[in-house]
Amino acid sequence: LAEAASSALAGHGPARTQAWITGMRAEAHAAAGTRWDALSLLSRTETQLERADSAPESEWTGNYRRESLEHQIGLTLTRLGDHATAARHFAASMRGRRPVELRTRALIGLRAAHAFLRAGDVERAAVTVLDLSADLRLISSARVRDELRGLRAAWQPHRGNPLVTRADRSVAS
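Sequential numbering from -10 applies to the sequence shown in the numbering used here.
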């Protein structure tokens, strides 16, 4: 689909839309295991986004911003197995989110925590969840619940860590 969308645009259309499509192509290449192509496309995505017109946000076509790119980089690097770097990009995306993006911020924050955990940074994963715990109580979302369920299952071997225990209790339903 990403390749079809890219072909349909044929280099035309709003710069932000082109960047978004290129980022989707990077994700698709990562899923297919073509690491070099995925990383090359991520680099192109970043360049396209930086070159996007600096028009007021109300005039943008689409809503692809820097924090969207950071999330897309995190997803791509997760697929490629680079969890430590993915976690940093997820965290950057989470920090850039506006207050009205509570559910998105929580979902990406949980992805960051899971990436930190996969990278072996158990305490940073727990702290990330602790920082999100108040927001998580306010959100009713199947995607957030699924992400949280996966994270809680993944950190079971680390329940002896006091921070993990505290984080787990803070989000237990």
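Every residue, glycine too, gets a C-beta built ideally from N, C-alpha and C.
Could you check the C-alpha separation between residue i and residue j for me, to the nearest Å?
{"i": "G12", "j": "L28", "result": "10 Å"}
{"i": "D124", "j": "L38", "result": "30 Å"}
{"i": "L30", "j": "P151", "result": "41 Å"}
{"i": "G2", "j": "A17", "result": "21 Å"}
{"i": "E112", "j": "A95", "result": "18 Å"}
{"i": "L137", "j": "D26", "result": "31 Å"}
{"i": "G166", "j": "D157", "result": "Given a span of -10 to 162 for the chain in the structure shown, any question on residue 166 remains unanswerable."}
{"i": "L119", "j": "L58", "result": "25 Å"}
{"i": "T117", "j": "H147", "result": "15 Å"}
{"i": "A101", "j": "A4", "result": "28 Å"}
{"i": "R55", "j": "G98", "result": "16 Å"}
{"i": "D135", "j": "H60", "result": "18 Å"}
{"i": "A161", "j": "I10", "result": "37 Å"}
{"i": "S130", "j": "Q145", "result": "23 Å"}
{"i": "L140", "j": "S122", "result": "13 Å"}
{"i": "N52", "j": "G149", "result": "42 Å"}
{"i": "A15", "j": "S159", "result": "35 Å"}
{"i": "R24", "j": "R155", "result": "37 Å"}
Just mark residue i as buried or exposed, buried being the case when its beta carbon has 16 or more other beta carbons within 10 Å.
{"i": "Q7", "result": "buried"}
{"i": "L66", "result": "buried"}
{"i": "R40", "result": "exposed"}
{"i": "V133", "result": "buried"}
{"i": "V153", "result": "buried"}
{"i": "G22", "result": "exposed"}
{"i": "R84", "result": "exposed"}
{"i": "A114", "result": "buried"}
{"i": "R126", "result": "exposed"}
Tell me where the alpha helix (DSSP H) around residue i begins and ends.
{"i": "L69", "result": "Run containing L69: none; DSSP gives neither H nor E here."}
{"i": "I97", "result": "L91 to R107"}
{"i": "A21", "result": "A4 to A21"}
{"i": "P151", "result": "P151 to V160"}
{"i": "W25", "result": "R24 to R40"}
{"i": "R141", "result": "A131 to A143"}
{"i": "R126", "result": "V111 to L127"}
Can you give the beta carbon distance from residue i to residue j, rounded, assuming they're within the 8 Å contact cut?
{"i": "R92", "j": "I128", "result": "5 Å"}
{"i": "R68", "j": "A19", "result": "4 Å"}
Evaluate contact between the stretch 103 to 110 and the stretch 66 to 77, counting only Cβ atoms and requiring at least three cross-stretch pairs below 8 Å. The stretch 103 to 110 is in contact with the stretch 66 to 77.
Do the stretch 77 to 88 and the stretch 23 to 41 meet, that is, are 3 or more Cβ pairs less than 8 Å apart? no
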